[in-house]
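Asker: Sending over a structure as structure tokens; questions will come in a sec.
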Amino acid sequence: MTYDRLVCANCAAPVSEGRCPVCRANRERLQQEHNFFAGLNPMALIALLAVLIAAVALLAHQTA
Ligand SMILES: [Zn+2]
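The working numbering puts the sequence shown at residues 2 to 65.
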């Protein structure tokens, strides 16, 4: 997720430069969203892996 190329509707400058309060608010919000997804994805991956292992173990138990 990138906001480097996002242009502010208020000052028409890149939001990442934070030239006006609208820029800074948007930048902060986008950074929080970025951090949220960055923190979420490894957890989702681990949960998916756990489900996959459980499914394989169940399948192996049933067929054996
Ligand atoms: Zn701005």
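All C-beta atoms in this analysis are idealised placements derived from N, C-alpha and C, irrespective of residue type, glycine included.
Just so you know, these numbers come straight off a predicted model, no measurement behind them.
Between Arg28 and Gly19, how many whole angstroms is the CB-CB distance? I'm expecting something under 8 Å.
Answerer: Taking the sequence shown and counting its residues from 1, one reaches residue 28 at position 27. Taking the sequence shown and counting its residues from 1, one reaches residue 19 at position 18. For Arg28 against Gly19, the beta-carbon gap comes to about 5 Å, under 8 Å, which counts as contact.
Asker: Does the distance between the C-beta of Val23 and the nearest non-hydrogen atom of ligand 1 fall short of 6 Å?
Answerer: Translated into the one-based positions of the sequence shown, residue 23 becomes position 22. Val23 Cβ: within cutoff of ligand 1.
Asker: According to the neighbour-count rule (16 or more other Cβ atoms, all chains shown, within 10 Å of its Cβ), is Val16 buried or exposed?
Answerer: As a working note, residue 16 is residue 15 in the sequence shown. Counting Cβ neighbours within 10 Å, Val16 comes out buried, since at least 16 surround it.
Asker: Between the alpha carbons of Pro43 and Cys21, how many angstroms are there, rounded?
Answerer: Numbered from 1 along the sequence shown, position 42 holds the residue referred to as residue 43. Numbered from 1 along the sequence shown, position 20 holds the residue referred to as residue 21. Each residue's alpha carbon lies about 34 Å from the other.
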